[in-house]
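Here is the structure we will look at, set down as structure tokens.
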Amino acid sequence: MFRKFPLVSRLVVFVVFPVLALIAHQGWQLRQSLPQVSGNVAVPRLARPASIVRDAQGVPRIVARSDADAFFAMGYVHAQDRLWQLELQRRIAQGRLSEVFGKSSIDQDIWFRTLGLRRSAESAWSALSPDAQRSLQAYSDGINAWIASGAALPVEFRMLGIAPEPWTVYDSLAWIKVFALNLGGNYRREVERLLVSQVVDREKFALLFPTGAPPSTVAALDPANVARFAAFARFQDSLETQLHLGGRYVGSNAWVVSGKLGAGGAALMANDPHLGLQIPSLWYMASIKGDRIDAQGATLVGLPVVIFGRNASVAWGGTNLMADAQDLYLEQVDAADAGRYLVDGKPEAFVVRDEYITVRQDFPSFLRSPLQPLHVRVRESRHGPIVSDMFDVFEQPAALRWTALDPGDTSYEAFYGLNYASDWTSFQQALKSQVAPALNLLYADSAGNIGYIAAGRMPVRKNGDGTLPVPGWNDDYAWTGEIPFDRWPRRYNPEEGFLVSANEKPVGDDYPWLISQDWASPARAERIAALLREAVSAGRTLDVAAMQRIQADTRSAPAQRLLARLLKHEPNNDQQRRAFDLLRAWNGDMARDSRAATIFNAWMRELRRELLSDDLRGFWNKERESRYMKGVADNVELDTVDRILAGGDSAWCDDQATPARETCDDAIDASLNDALWEVLKFRGDESMGDWAWEDVHETVYRHVPFSDVNVLRSVFERRIGNGGSPDSVNVASFSLDKSRGYVQDFGAGFRQVVALGAGKVEHRYMNSTGQSGNVVSTHYDDMVRPFRDLEFLSLDPAAAGVDTLTLTPAAAAAQGGAP
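If you use this note's numbering, the sequence shown closes out at 827, no skipped numbers anywhere.
This is the structure in structure tokens:
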């Protein structure tokens, strides 16, 4: 062969074989990064042996002789399966992403250094009970035992050329604050209201924001400051896109059904929290048993306890309360001394701290000189950190007052206590420690009881309703206290037999305290309640399967209501007539196979912009601000669009850029044409036979950072066609990617349903991606399709395991992590 084909032979020997050998070696190295899941491992700081039994999906059942050892094992398995996620979370909270990702992360680091979450976490530590402190320390020891073991690191560490640092108890406490920031976006809503108030009149403002202060309470800003606050708003959007933090109406569904309605007398709990989607999931399913703790459910990576799940006596789920626990205070700088601000006319010095951000040099870094650390000076007023300095708002800087930054935050104590609750009384008592995030907690117990409580620190204001930035130079808008624990909204065993929470307003207008003005639409809660009532009225059994069917529901009541108005339009071309044929037969179900859902959702995006973008363009006529305002338009609720169209010739419908006066029918017609053309570009089928919603609408699980690298995106990111809408029970919030279609980047992170009966428990779940964060693991993405298809698995501690790893005590060794 060498003589007959010399060139081919040389190519095979010197090119093909070496490439194949290199690929095989790299593959072998990647496989080495998978954790050991069976056998025995000696670890330091463990008192007695603990076992980790994994099932076929990689879900661990931890059994230890003490709670401390159980928490150690939880840290160990989190590190085994999610080490890169832990590293990323630690760097986010500390504001240290630029050390790894370079200049692109500077703004994010400045933001988190400004908030000072790590510093705030240190003040929270001393407020915790000794038991809670021991659980966090044991968890940190478990993470660090895995790091110190010398096991091969996940590929992200190798590709980025970094090593993990030891985990500390403060990293866990700081991550709770990031979690609270994720759920608490009121300050963003304040900025949005501020910007919109500058460009629309009072009547239009009231239509867009039916609750809260009118725009007359805010003085007009000069164009430069408007642009700076718009930059602030755009940056917050980038946090949502790049780090999956925040979003419109970040929340969840949760409901409980009493034993008098549940099959066999069992109480039922269903829960599916909604957050920005990512791979791996924020959540990690586990069972944990020590000498006192015996809990199963969803853990939050970075914490040792079950956040939403059950123990032997009670089950609990949660949703975002939407509480307004953040206020922006506009400070007045002393004209004679920029280092001071005015309080009742008297100067007071800003508290100033210096932060130094290390920034990684651009690739190839070895050919470039190292960058000098970036010096950031953070100012704080009596209200909190000045969050507007990074956007050059110096004349009237904005300070953020937020409950999560208050000293002595005991939120972890509440999460810890829930794992030990045994009845309604101890459940409420555990939540007394909750500060941030404020949550709706749903309760069910083995005796068939159900309950609800709104838990968390909710400020009481002297004046104002928290919907707009307020003057900080006096005490007119000061926080004067908080809603007392015994007046937190709660219900227990209601006559109807069930309780539902889906981020809607949980109290009547007669409730004497202000919780928020930014509730989600009641559509999801109303739909869940309607389905429960329908089942009860029909005499159908309420069991785990019935709860799963409700979680799968994709019908949108607001879409049905708005469609009745839209169908009054007379179609004027063949494409519109084909679309109307589909829409007339449609019941508002955003099912994956629905062509009408595709047409409606594309139409709504164009209609919102047709109605609103002209008014929201404002007086800048600048592209960046205009893009942000288009985003505001995209989030307007369907019921608000319905109210706009109800006026017939509403002022919203007239395009001010044209001399002719347009009617709402003109806007409906133009937006429908644009929408049909948009979908046609994606599908290329004028008959609309190939326009199923799942064919243009994908759920996207982004990976940080490799979703932003073209050659790596397909390796680390996962996409799957899906159904749903922002106001269906099976939530799917989406935006348009002109190259790919409609992208869902927000939705349920996991689902679970629990039936608690006398002596019998059924616990079903599904995580959104998989248990592992290691891309070469079979558990990296093995739940993506089952999750989309609403398939469930059993979380049964008694089931036989596939792999068993036993941790045994080793000689004590010095590790990081102790406070």
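From the three backbone atoms N, C-alpha and C, an ideal C-beta is built for every residue, glycine too.
Everything numeric in this text was worked out from a predicted model, so none of it was measured.
From S148, E198, A160, pick the residue whose C-alpha is nearest to that of T176; which is it? S148
So, with DSSP's three-state summary, where would you put F435? helix
Based on the DSSP secondary-structure assignment, which residues constitute the bridge partners of Q760? N279, Y773
Whole angstroms is fine: what's the gap from A567's alpha carbon to G729's? 21 Å
For K638, which three-state DSSP category applies? helix
For R90 versus P281, is the C-beta distance shorter than 8 Å? no
Using only alpha-carbon positions, find the residue among W685, Q442, D789 that is nearest to S722. D789
Contact check, L338 vs L447, beta carbons under 8 Å: no
Straight-line gap, F627 to W685 (C-alpha atoms, nearest Å): Note that F627 has pLDDT 43, beneath the 50 cutoff, so the model's placement of it is unreliable and the number below is only indicative. Their backbone Cα atoms lie some 30 Å apart in a straight line.
With a threshold of 16 other CB atoms inside 10 Å of the CB of P520, please say whether the residue is buried or exposed. exposed
Whole-angstrom Cβ separation of A140 and Y420, contact assumed at under 8 Å? 6 Å
Given that a residue counts as buried once 16 or more other Cβ atoms are within 10 Å of its Cβ, and exposed if not, what is K297? buried
Taking DSSP as the reference, what is the three-state secondary structure of S295? strand
Is it buried or exposed for K212, if we count other Cβ within 10 angstroms and need 16 for buried? buried
Any chance the region 773-783 sits against the region 751-761, with 3 or more Cβ pairs inside 8 Å? yes
Does the distance from the CB of L798 to the CB of A560 come in under 8 Å? yes
Which of helix, strand or coil does DSSP assign to E107? helix
Using the rule of at least 16 other Cβ atoms within 10 Å of the residue's Cβ for burial, across every protein chain shown, is T671 buried or exposed? exposed
Could you pull the DSSP bridge partners for A58 from this structure? A72, L815
Suppose you measure from the CA of P445 to the CA of G124; what does that come to, to the nearest Å? 17 Å
Who are the near neighbours of V61 in its chain, counting only those whose CB is closer than 6 Å to its CB and skipping five residues on each side? R69, G809, T812
Alpha-carbon to alpha-carbon, E198 and P218: 14 Å
Where the alpha helix (DSSP H) through T122 begins and ends: 114-123
According to DSSP, T366 sits in a beta bridge with which residue or residues? For T366, which the question treats as bridged, DSSP gives no partner whatsoever.
Since S562 and D601 are thought to touch, with beta carbons under 8 Å apart, how far apart are those beta carbons, to the nearest angstrom? For the sequence presented, residue 562 should be read as Thr rather than Ser. That belief does not hold up - the Cβ atoms of T562 and D601 are roughly 11 Å apart, past 8 Å.
Consult DSSP for W628 and reduce its assignment to one of helix, strand or coil. Here W628 scores only 41 on pLDDT, less than 50, and its place in the model should not be relied on; the value that follows carries that caveat. Correct three-state label for W628: coil.
Consider the Cβ of S134: report whether some Cβ of chain D lies at a distance smaller than 8 Å. Looking for chain D here will not work: only one protein chain is present.
For A146, which residues in the same chain have their Cβ closer than 6 Å to its Cβ, ignoring the five residues on either side in sequence? A76, F79, F80
Along the chain, where does the beta strand (DSSP E) that runs through V384 open and close? 382-389
Spatial neighbours of L308 within its chain, please: CB distance less than 6 Å, with the 5 preceding and 5 following residues excluded, ordered by chain position. I315
State yes or no: is the C-beta of A306 nearer than 7 Å to some heavy atom of the ligand SAM? This structure lacks the ligand SAM; in fact it carries no ligand of any kind.
Rounded to whole angstroms, what is the Cα-Cα separation between W36 and V784? Residue placement at W36 cannot be trusted, given a pLDDT of 44 that sits under 50; the coordinates are not used to answer.
Exposed or buried, which one is D299 when buried takes at least 16 other CB atoms within 10 Å? exposed
My assumption, with CB atoms under 8 Å, is that L615 sits in contact with I676. Please give the rounded CB distance. 7 Å
Three-state class that DSSP yields for T606 in the structure shown: helix
Go ahead and pull the three-state DSSP assignment for D302. strand
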